[in-house]
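Right, one structure below, let's go through it.
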Amino acid sequence: MNYYQINDWFLSVMILNLLLMLVLMGPYRFAYLESISSMFRFKNPDGDVSYPLLSTVEYIIIFLLSCNSVGIAVGIYSHDLLEEGFSQVIFLLWYSSLVVLAFVIKLLLYTSVNRVLYKRQIITLKPGRWNCFFVMSFSVAGFLILAFSIIVVFLKIPLVVLLVFAYLMRLLVIIGRIFKIKTTLFKNQRSNLGFIMYLCAFELAPILIEFMLTSRLFGLI
Numbered sequence: 162m163n164y165y166q167i168n169d170w171f172l173s174v175m176i177l178n179l180l181l182m183l184v185l186m187g188p189y190r191f192a193y194l195e196s197i198s199s200m201f202r203f204k205n206p207d208g209d210v211s212y213p214l215l216s217t218v219e220y221i222i223i224f225l226l227s228c229n230s231v232g233i234a235v236g237i238y239s240h241d242l243l244e245e246g247f248s249q250v251i252f253l254l255w256y257s258s259l260v261v262l263a264f265v266i267k268l269l270l271y272t273s274v275n276r277v278l279y280k281r282q283i284i285t286l287k288p289g290r291w292n293c294f295f296v297m298s299f300s301v302a303g304f305l306i307l308a309f310s311i312i313v314v315f316l317k318i319p320l321v322v323l324l325v326f327a328y329l330m331r332l333l334v335i336i337g338r339i340f341k342i343k344t345t346l347f348k349n350q351r352s353n354l355g356f357i358m359y360l361c362a363f364e365l366a367p368i369l370i371e372f373m374l375t376s377r378l379f380g381l382i
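If you're matching positions, the sequence shown starts at 162 in our numbering and goes up one per residue.
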């Protein structure tokens, strides 16, 4: 099967998730646009990160909704969410929980490593600010992936298109984040060694692990 068959219950969950993200992110839409623009401002970079000034609770809720969005997309492509009844709920919770776990681990690693680097004045940005920027970039990608997933479901577009779109969003976010790592975190470092090591540990290694896991999940390797 190369497209997703519409299930009313699951479609309602997708639309509700999208509406909640719209309600929470909508009032800060201009701040989000500025944040996205700053990620790809290759000329005259400002050397700082930009992100909406949300409360901690709002960040947590948006983060969880974004994880659920990615979990929905993964479940759709793997066909596990085609199951009817309670098993569909289990698969949705399973995929969303895996995404939450992966990104919480990455946030904790960011916090611990950046705190050490900040104290040693290797980086100039406080760890909390980078975490907010990270959640912002992830939430934008999650929102777009979910919106595109709904389009795929309604129009019965081949699921491979969803996979390509999801990876494209992931790639764009990673490129923007790598640029900000160079121009913000390590802007005062003359040597590129620290930047390269940081890049390999926090961006390239997770990408490789993610690619191997998703390839096995989707039967690509």
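From the three backbone atoms N, C-alpha and C, an ideal C-beta is built for every residue, glycine too.
*asked:* If I measure Cβ to Cβ from Leu-278 and keep anything under 6 Å in the same chain, skipping five residues before and after, which residues do I get?
replied: For Leu-278, the CB contacts under 6 Å within the same chain, skipping 5 residues up- and downstream, are Ile-284 in chain order.
*Relative to the C-alpha of Ile-368, which residue among Phe-252, Val-218 and Tyr-328 is closest?*
Tyr-328
*Which one of Val-210, Val-174 and Ser-198 has the shortest CA to CA distance from Phe-347?*
Relative to the Cα of Phe-347, the nearest Cα in the group Val-210, Val-174 and Ser-198 belongs to Val-210.
*asked:* Can you confirm whether the region 173 to 190 touches the region 261 to 273 when touching is taken to mean that 3 or more C-beta pairs between the two stretches lie within less than 8 Å?
replied: no
*Which residues mark the beginning and the end of the alpha helix (DSSP H) in which Cys-293 is found?*
288 to 316
*Per DSSP, what kind of secondary structure is Arg-190 in: helix, strand or coil?*
helix
_Suppose you measure from the CA of Ile-311 to the CA of Arg-276; what does that come to, to the nearest Å?_
39 Å
*Where does Asn-275 fall in DSSP's three states?*
helix
*For Cys-361, does the count of other Cβ atoms within 10 angstroms reach 16, so buried, or fall short, so exposed?*
exposed
_Coarse secondary structure for Ser-211, derived from DSSP in three states_ = coil
*Just the C-alpha distance for Val-174 and Leu-354, rounded to the nearest angstrom, thanks.*
If you take the alpha carbons of Val-174 and Leu-354, they lie about 46 Å apart.
*asked:* Between the alpha carbons of Phe-295 and Ile-370, how many angstroms are there, rounded?
replied: 19 Å
*6 Å Cβ shell around Ser-257 - same chain, five flanking residues per side excluded*: Cys-228, Asn-229 and Gly-232
_Residue burial classification, Ser-255 (beta-carbon count within 10 angstroms, cutoff 16)_ = The sequence shown places Trp at residue 255, rather than the Ser named in the question. Exposed is the call here.
*Determine the contact status of Gly-236 and Phe-252, defining contact as a CB-CB distance below 8 Å.*
yes
*asked:* Tell me which residue opens and which closes the alpha helix (DSSP H) that Arg-338 is part of.
replied: 320 to 341
_Between the alpha carbons of Leu-180 and Trp-170, how many angstroms are there, rounded?_
15 Å
*Just mark Gly-303 as buried or exposed, buried being the case when its beta carbon has 16 or more other beta carbons within 10 Å.*
buried
_C-alpha distance - Leu-286 paired with Pro-319, whole-angstrom precision_ = 43 Å
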